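Asks: Residue numbering for the sequence shown follows the working numbering, beginning at 15 and increasing consecutively.
Here a beta-carbon is modelled for each residue, glycine too, at the ideal position from N, C-alpha and C.
Bear in mind that the values here come from a model prediction, so they are computed numbers and not experimental data.
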Amino acid sequence: MFFNLEPNRIIIVSHLSADFSISQKGLWEYRAYSRRYRNRRIDEFLKEMHLTEERNTEFRKIRNALHYNGSPEPLFEVDDVPISQRQFIFIRILRLQRQIKMQMKVYLIV
């Protein structure tokens with residue numbers, strides 16, 4: 015598994031790919047329902063980020079969080095080979111393009 019954090023995006027690549035029951039069309043339409051786990055590391059990482067809690071919620075929760083933030087839709091891709099020969103899944107999450115003003119509160123502890 016590979017994570018690349020860049021200023022304008024997050025890229026996640028898993029070399030175990032998506033479950034064979036998930037099609038590229040299902041990924042593009044954000045309708046991916048897996049019958050089994052393929053990579054528990056990604057699942058645990060997403061749980062730590064509070065993006066998922068159980069099976070088949072990852073896509074919906076990621077999309078909802080990005081939509082709430084005003085960010086663009088995530089991009090999910092798998093290699094263009096027969097389903098049984100897949101080698102990876104690629105996920106790209108783009109950063110929100112508009113400027114976000116952040117407020118900092120400084121507390122003095124005496």
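1) Using only alpha-carbon positions, find the residue among M15, N18, N22, V27 that is nearest to P86.
2) Less than 8 Å between CB atoms is the rule here; does E58 satisfy it with respect to chain C?
3) If you check the beta carbons only, do M15 and R55 fall under 8 Å apart?
4) When the Cα atoms are used, what is the spatial distance from I26 to G84?
5) Using DSSP bridges, identify the partner residues of F16.
6) According to the neighbour-count rule (16 or more other Cβ atoms, all chains shown, within 10 Å of its Cβ), is F17 buried or exposed?
7) Going by C-alpha distance, which of E62, R109, E58 is nearest L89?
8) Expressed to the nearest angstrom, what Euclidean distance is found between the alpha-carbon atoms of D57 and I105?
Replies: In short:
1) N22
2) Absent here is chain C; the protein component of the structure consists of one chain.
3) The Cβ atoms of M15 and R55 sit closer than 8 Å to each other.
4) One C-alpha to the other measures close to 20 Å.
5) V27
6) Per the 10 Å Cβ criterion, exposed.
7) Ranking the options by Cα distance to L89, first place goes to R109.
8) Annotation: D57 to I105 spans about 14 Å, alpha carbon to alpha carbon.
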